DNA sequence: GTCTATATTAAGATAGAC
DNA sequence: GTCTATCTTAATATAGAC
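Protein chains in written order, with this note's numbering: chain A, 1 to 217; chain B, 218 to 434.
Take a look at the structure:
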């Protein structure tokens, strides 16, 4: 269970400033995660935060600044689950635990996931550096660990980059496509996550089980 | 290989109308798939299509009309791969073939995938009925087929709805997060799709292999 | 710090000439 | 059918009172 919410960075001065900044960022997350940067209106954020539009711009210099504050905080938190993948731990359990942490992130912070998805869909104009820098470096590092595990026979040999992509895709899907998932599961499951966890555990357990022979091409 | 592009519906009259309507929808797909409905500007679509803004509105009554035309055509095409899943075919091969068709759709029509993703992220305001109607009915129907296959021992028993979600998530990820995938694979793979296909075949082959015991909880 | 009022620009849509 | 010019609304941002 990962209960650490995305962090605030800028240092607020007074109590009331702290409270209002938080309210704005909370409202902005709600709006930006749904409509993306260009599709979001300051009006909506103002209304959602309970503040007036000029008051928003007293706390932040611009719409862009609010968005970029959210993204910066997010990127850091977003990498934590992968950072925690321990090269010294049990290979299969480490990967499953990573998957579980990512699924918990989707369940507990679906808006953050959608904010990220929106940004990528739009071509990642504001986080390109973070992706080619921090994120790529971290992924390459952990991919090498996973590759080694496969080579040593601790897990079945799989393409480590695509393994990581598949964990992202499968877990984030429940946040990003939540509306669709819930509409389709109507009449079957109220909460998708318990079944999702069971299903994904089975999926990755079988994929990584070292005894089973590679089945694909 | 699925070479059928998303279909046009409205009946064009003259050659030039046909050509211009096509150019507009092509440009609109480019723009809407990236920025979503609210984040897209008619100006951009005009520029991308090589027509003037008023001329766009000669062919379509409004921005909304262009978008809704795209979505309507898309929804139909979108369901084809799942429709083709044959209850009478070989279970494991049918599911793998469905996954392959979806992966080809991501590769050949990534913008369509992103248009859909954008719409769902925004809460599916314009395709809610299509989801609760057509799509849900089709998914429930095919899920029942898959459930039966599991019961009969032709494949390992898995939650069929989540199996379908996982095929969507994994294949669409390569289209929706294409920017991220390519940035991260830089220095490893030029084209992600060949490796993606190998990886996903292994993943689903092992998941569905009836001999392997359920490994999860 | 917060508000009302407003400047300024941008965006969707229309009029009317050609 | 296509263009220029324009109307109208809406959105970001600012000024200045309180």
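Positions of the beta carbon are idealized from the N, C-alpha and C atoms, including for glycine. Quick caveat: nothing in here was measured; it's all calculated off a predicted structure.
Asked: Any idea what DSSP makes of residue 412 of chain B, helix, strand or coil?; Found: helix
Asked: How many Å lie between residue 271 of chain B and residue 297 of chain B at the Cα?; Found: 35 Å
Asked: Measure the alpha-carbon distance for residue 241 of chain B versus residue 93 of chain A and round it to whole angstroms.; Found: 51 Å
Asked: With respect to the alpha helix (DSSP H) encompassing residue 84 of chain A, which residues constitute its N-terminal and C-terminal limits?; Found: From DSSP, residue 84 of chain A is part of no alpha helix (DSSP H); its letter is neither H nor E.
Asked: Assuming residue 323 of chain B is part of the alpha helix (DSSP H), what are its boundary residues?; Found: 308 to 325
Asked: Which class does residue 426 of chain B belong to by DSSP, given the choice of helix, strand or coil?; Found: coil
Asked: Is it the case that the Cβ atoms of residue 250 of chain B and residue 324 of chain B are separated by a distance below 8 Å?; Found: no
Asked: With DSSP collapsed to three states, give me the class of residue 343 of chain B.; Found: coil
Asked: Between residue 151 of chain A and residue 157 of chain A, what straight-line distance do the alpha-carbon atoms span, to the nearest angstrom?; Found: 6 Å
Asked: Which residues of the segment 31 to 64 of chain A have a Cβ closer than 9 Å to any Cβ of chain B? Give them in chain order.; Found: 33, 34, 35, 36, 37, 38, 39, 40, 41
Asked: Keeping to the same chain, check which residues put their C-beta closer than 7 Å to that of residue 130 of chain A; ignore five residues upstream and five downstream.; Found: 75
Asked: Using a 10 Å radius around the Cβ and a threshold of 16 neighbouring Cβ atoms, would you call residue 213 of chain A buried or exposed?; Found: Bear in mind that the predicted position of residue 213 of chain A carries a pLDDT of just 48, short of 50, making it unreliable; the figure below should be weighed with that in mind. Answer is exposed; the Cβ neighbour count stays below 16.
Asked: Between the C-alpha atoms of residue 432 of chain B and residue 301 of chain B, what's the straight-line distance to the nearest angstrom?; Found: Since pLDDT at residue 432 of chain B reaches only 46, below the 50 mark, its modelled position is unreliable, and no value is offered.
Asked: Against residue 195 of chain A, what residues of chain B qualify as contacts under a CB-to-CB distance less than 7 Å, listed in chain order?; Found: 376, 379
Asked: Excluding five sequence neighbours on each side, which residues of the same chain lie with their C-beta closer than 6 Å to the C-beta of residue 410 of chain B?; Found: 324
Asked: Looking at chain B, is there any beta carbon in it that lies within less than 8 Å of the beta carbon of residue 206 of chain A?; Found: yes
Asked: Determine the direct distance from the alpha carbon of residue 316 of chain B to that of residue 86 of chain A, and round the result to whole angstroms.; Found: 32 Å
Asked: For chain A, find out if any of its Cβ atoms is closer than 8 Å to the Cβ of residue 349 of chain B; answer yes or no.; Found: yes
Asked: Whole-angstrom Cβ separation of residue 51 of chain A and residue 126 of chain A, contact assumed at under 8 Å?; Found: 24 Å between Cβ atoms; not a contact.
Asked: Alpha carbon to alpha carbon, what distance is there between residue 257 of chain B and residue 437 of chain B?; Found: Not covered by the structure: residue 437 of chain B. The range shown for chain B is 218 to 434.
Asked: Which term fits residue 205 of chain A, buried or exposed, when burial requires 16 or more other beta carbons within 10 angstroms of its beta carbon?; Found: buried
Asked: Which residue wins for smallest C-alpha separation from residue 109 of chain A, given the options A/135, A/134, A/77?; Found: A/77
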